[in-house]
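Asker: Handing you a structure now.
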Amino acid sequence: MTTLVYLIPAALFLGALGLSGFLWALRSGQYEDLHGAAERILIDRDDKPER
Amino acid sequence: MSCCAPGAEMALDVAGAASVLPSSQEIKLASRSLGGDLYQTDLSVPAVHCAACIRAIETALGKLDRVEGARVNLSTKRVSVRWRGDEVPPFVATLGRLGYDAHLFEPEAYGKDKTLSELIRAVAVAGFAAGNIMLLSVSVWSGAAGATRDLFHWVSALIAIPALAFAGGIFFRSAWNALRHGRMNMDVPIAVGVSLAYAMSLYETINHGDHAYFDASVSLLFFLLIGRTLDHVMRERARTAVKGLSQLAARGAMVLRGDGAHDYLPVGEIEPGMQLLIAAGERIPVDGKIIRGSSDLDCSLVSGESTPRTVASGEAVQAGILNLTGPLTVQATAAAKDSFLEEMVRLMEAAEGGRAHYRRIADRVSALYAPVVHLAAFVTFAGWMAATGDWHRAMTIAIAVLIITCPCALGLAVPIVQVVAARRLFESGIMVKDGSAMERLAAIDTAVFDKTGTLTLGQPHLVNAPSIKPAMLAIAADMAAHSRHPFSRAIAGFAGFAGQPKLESVSEHPGFGIEATAAGSTWRLGRRGWAGWRARTGGEGKHGYGGTVLTKDGIIVASFVFEDALRADARAAIVQLNDARVSMEMLSGDTAAACADVAKALGIDRFVPVLVPSGKVECIEALARAGHKVLMVGDGLNDTPALSAAHVSIAPATAADIGRNAADFVFLRESLLAVPLALDVSRKAGRLIRQNIAIAIVYNTIAVPIAILGHVTPLIAAIAMSASSLLVIGNALRLQGFVLAEVTGAPSATRAGIRASVQPS
């Protein structure tokens, strides 16, 4: 019983972390061009992130 | 050029594309300001399809002066360019040089799909909540008792609150909206069931009860949201794809002011009396009268007439006509809102009634379903109340009935079949506007075809090529490459023989033909009377009457015969439709003789020639009155009202812009087999939907009595609900197998052909 007191919040926290990660990715437009993202890894560029 | 831009015919296409580039004023009109002097222009580039394309486009555009950046979206085949300053950088021309045709976008097509991201967010939240609550519930089912059980219930209750508020909001809003207007929809039983289950579970939790339904109420939302999201994705995807195709209506025109100044005005600001300059390759924006210049016009979009019309000053022209060969000055006789194009839009809106009162199967089922469910729950409550007098028990059992009957399988059944079917069609190059289109297509018994551009390609085709000397054909092809006239394009396709003399000066004479000098002789390709100035051109001679000829110093050396080629597989498509017990008819604006030829070649018995747009609508309405469900297949502007009037409609991707918008299906490939394929898939999808609804009903007839008798615990409810959903999904996926087995021959050959041209070289 006592273990549950911190195990349940820990589980929920980790789940919520995943959920918020997904929502962040969705909001920042990472799902807008899935097809393009798959092809873009084939493109050689400088090792700098795009603006 | 990149690896995969269109290949051998490129030189020709670039020459062609260069003359139809949107002018910089037009681009500016379609751009939006991002603040300061920064602008963004969105272009649709249908040919983009691989990493090399992305790189070629982004680097080439990025190198241009004043371009801040370019970004390719491969899923939607769009390029958005951000640029600074007043002058528009030449990005369309740059794309053209790389081998990509670019088209401007409608301004209203901008913006993200807000509903979709809301739905996905809701699915994510509901999925998260359902997963966690389910974990806690499993512990309860496997024997947690006392304080532990209460703790688990309380945690579940806490997790369920945000899920219901956020994910459930979609259903609550829709249900409230329906109830407020005195209607009933599928969302009402969902909303009532979910909120009652939650309230009941909370009550149980507070009173240390054994069972709570938190998991049921949240996972119900999760499943239903999946169905709803799929439904939305399908409609939205086809809609944006249709919008991304090339745009055929003119956006504006160059206006010649009284003082000699030129001004580019959007269509809406053009007023009667203004003088418009229409360059070769532009579309005429409003109805008008030619005051200077002569040219050939492609009226196929407007009248369905496929042969170009030669015009000179004084003649009237309609909006939407494509100017082919020479520059024209046109005096506008009507404002854009009174033009032929707008008349079509009005006719279309008036004709749309036939489709408006169609209700989707899911809606029809839910209209019956919802009252039955609520009645069953209420009767259960009343029955147990009367039998035992225990209101708590009666309430628990009534809620169990409500939950177990909640249309989980039903909510998934229809969208999932439609998504699978739409995907199948998408892979064969057919785009579906929305799910109800497939339901309507499955019901048709009559198909009505337009002739030009639908049964035929709407482009002339050289039919006597084998009887022309290769050397002459090669010279003609070289000359024809300099013109946009449809006849020239047909001849230019035969280029490739190397022995011909090099052309020195080439000039086009609008309305007559092309003149060039080569190896000291004057060659002309064009009308017989103009080109063969030394020959007696009354019509006698071994080359036959009239038509298009090639002459050397005025002597006819070759003559060309053109025919509008039938669309690939037109005959096979007609045969397949016949086998599917669909009766066929052809409606056309073209002459009776031209129609009879096509009808005979295809084996269509009935046709009506020389129809005006409203005539086509009347024909279709007459068929509808006779009790037929009519499919209209057409492409022209003149078909648009008929497309709206029919029960369901299909248009090729080459159709006029508003035609594509009016049609329920758009097919991207040349083959007319798309029509029987769409019919076949729709009928199978219809069958699966009915099966799925039957499964849902059978499930309910088994589950509901158990619930009414009071034997349903949350565990049983969860198992029953998931099982019925999985059954329905599994049944829907059978469609994939069905159709794949039958698609052989032509469609797969087309696919192979497309793959081949996609290979990097």
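Top line first, the protein sequences correspond to chains A and B.
To convert, note that position 31 of the first sequence is 31 in the UniProt record's numbering; the numbers rise steadily by one, no gaps.
To convert, note that position 109 of the second sequence is 109 in the UniProt record's numbering; the numbers rise steadily by one, no gaps.
Idealized CB from N, CA, C, for every residue including glycine.
Could you work out which residues of chain A lie near leucine 230 (chain B), taking near to mean beta carbons separated by less than 7 Å?
Answerer: The contacting residues do not exist; leucine 230 (chain B) stays about 15 Å from chain A at best.
Asker: Could you give the DSSP three-state label for aspartate 296 (chain B): helix, strand or coil?
Answerer: In the structure shown, aspartate 296 (chain B) falls within a strand segment according to DSSP collapsed to helix, strand and coil.
Asker: Report yes or no: is there a C-beta of chain B within less than 8 Å of the C-beta of phenylalanine 22 (chain A)?
Answerer: yes
Asker: Since phenylalanine 214 (chain B) and tyrosine 198 (chain B) should fall inside the 8 Å C-beta cutoff, what is the C-beta to C-beta distance between them, to a whole number of angstroms?
Answerer: 7 Å
Asker: So, are the CB atoms of proline 327 (chain B) and leucine 276 (chain B) less than 8 Å apart?
Answerer: Going by C-beta atoms, proline 327 (chain B) is not nearer than 8 Å to leucine 276 (chain B).
Asker: Tyrosine 369 (chain B): buried (16+ other C-beta within 10 angstroms of its C-beta) or exposed?
Answerer: Per the 10 Å Cβ criterion, buried.
Asker: Take every Cβ of the stretch 250-263 of chain B, pair it with every Cβ of the stretch 291-298 of chain B, and state whether three or more of those distances are shorter than 8 Å.
Answerer: no
Asker: Serine 588 (chain B) and leucine 611 (chain B) look like a contact to me (Cβ under 8 Å); what is the Cβ gap, rounded to whole Å?
Answerer: 7 Å
Asker: Going along the chain, which residues of the stretch 150-161 of chain B sit with their C-beta nearer than 8 Å to a C-beta in chain A?
Answerer: Leu151, Val155, Ile159
Asker: Within the continuous alpha helix (DSSP H) that includes residue 764 (chain B), where are the two ends?
Answerer: Since the first residue of chain B shown is 1 and the last is 761, residue 764 (chain B) is not available in this structure.
Asker: So which residues on chain A does phenylalanine 340 (chain B) lean against when the C-beta distance must stay under 7 Å?
Answerer: Residues of chain A passing the Cβ test: none, with the nearest at roughly 38 Å.
Asker: Beta-carbon separation of isoleucine 708 (chain B) and valine 414 (chain B) under 8 Å?
Answerer: no
Asker: Relative to the C-alpha of isoleucine 361 (chain B), which residue among B:Val728, B:Arg440, B:Gly429 is closest?
Answerer: B:Arg440
Asker: Does DSSP put glutamine 576 (chain B) in a helix, in a strand, or in coil?
Answerer: helix
Asker: Whose Cβ in chain A lies nearer than 7 Å to the Cβ of leucine 74 (chain B)?
Answerer: Asp33, His35, Gly36, Glu39
Asker: Take the Cβ of alanine 386 (chain B) as the centre, count every other Cβ of all protein chains shown within 10 Å, and call the residue buried at 16 or more, exposed below.
Answerer: exposed
Asker: By Cβ distance below 6 Å, which residues in the same chain neighbour alanine 30 (chain B) in space, the five residues on each side in sequence not counted?
Answerer: Contacts found: Leu104.
Asker: Counting only beta-carbon separations shorter than 8 Å, does alanine 124 (chain B) have a partner in chain A?
Answerer: For alanine 124 (chain B), the answer is yes, since a Cβ of chain A falls inside 8 Å of its Cβ.
Asker: Runs of 4 residues minimum, wholly inside the UniProt domain "HMA" (39-103) of chain B: which ones carry the alpha helix (DSSP H) assignment?
Answerer: 51-63, 91-98
Asker: Determine which residues of the stretch 6-21 of chain A have a Cβ less than 8 Å from any Cβ of chain B, and write them out in chain order.
Answerer: Of all residues in the stretch 6-21 of chain A, Ile8, Ala11, Leu12, Gly15, Ala16, Gly18, Leu19 have a Cβ within less than 8 Å of some Cβ in chain B.
Asker: Taking its Cβ as the centre, do 16 or more other Cβ atoms sit within 10 Å of alanine 756 (chain B), making it buried, or is it exposed?
Answerer: Since pLDDT at alanine 756 (chain B) reaches only 35, below the 50 mark, its modelled position is unreliable, and no value is offered.
Asker: Could you pull the start and end residues of the alpha helix (DSSP H) that isoleucine 444 (chain B) belongs to?
Answerer: Unbroken run through isoleucine 444 (chain B): none, as it is neither H nor E.
Asker: Given a cut-off of 8 Å on the beta-carbon distance, is the pair valine 286 (chain B) and alanine 316 (chain B) in contact?
Answerer: Between valine 286 (chain B) and alanine 316 (chain B), the C-beta gap is not smaller than 8 Å, which leaves the two residues out of contact.
Asker: For the 8 Å Cβ check, are there 3 or more pairs between the stretch 126-143 of chain B and the stretch 54-66 of chain B?
Answerer: no
Asker: List the endpoints of the continuous beta strand (DSSP E) containing aspartate 478 (chain B).
Answerer: Looking at the DSSP string, aspartate 478 (chain B) is not in any beta strand (DSSP E); the run it does join, the alpha helix (DSSP H), is 470-480.
Asker: Answer yes or no: does any C-beta atom of chain A fall closer than 8 Å to that of serine 137 (chain B)?
Answerer: no
Asker: Return the CA-CA distance between arginine 484 (chain B) and leucine 324 (chain B), expressed in angstroms with no decimal places.
Answerer: 6 Å
Asker: Kindly give me the distance between the Cβ atoms of tryptophan 384 (chain B) and alanine 394 (chain B), rounded to whole angstroms, as I take these residues to be in contact under 8 Å.
Answerer: 4 Å
Asker: As a quick exercise: from B:Met472, B:Ile491, B:His482, pick the residue whose alpha carbon is nearest that of valine 463 (chain B).
Answerer: B:Ile491
Asker: Using a beta-carbon distance below 8 Å, is serine 44 (chain B) in contact with chain A?
Answerer: no
Asker: How would you list, in chain order, the residues of chain A whose beta-carbon sits under 7 Å from the beta-carbon of alanine 516 (chain B)?
Answerer: By Cβ distance, chain A contributes nothing, its closest Cβ being about 44 Å from alanine 516 (chain B), past 7 Å.
Asker: Considering only their Cβ atoms, is the gap separating isoleucine 57 (chain B) from arginine 40 (chain A) smaller than 8 Å?
Answerer: If you check the CB distance, arginine 40 (chain A) and isoleucine 57 (chain B) do not come in under 8 Å.
Asker: State yes or no: is the beta carbon of asparagine 132 (chain B) nearer than 8 Å to at least one beta carbon in chain A?
Answerer: Cβ-Cβ to chain A under 8 Å: yes for asparagine 132 (chain B).
Asker: Along chain A, in chain order, which residues have C-beta atoms closer than 8 Å to that of phenylalanine 128 (chain B)?
Answerer: Gly15, Ala16, Gly18, Leu19
Asker: Label glutamine 30 (chain A) either buried or exposed according to how many other C-beta atoms from any shown protein chain fall within 10 Å of its C-beta, with 16 as the threshold for buried.
Answerer: It counts as exposed.
Asker: Does the distance between the C-beta of histidine 509 (chain B) and the nearest non-hydrogen atom of the ligand MG fall short of 7 Å?
Answerer: In the structure shown, the ligand MG is absent, as is every other ligand, since no ligand is present at all.
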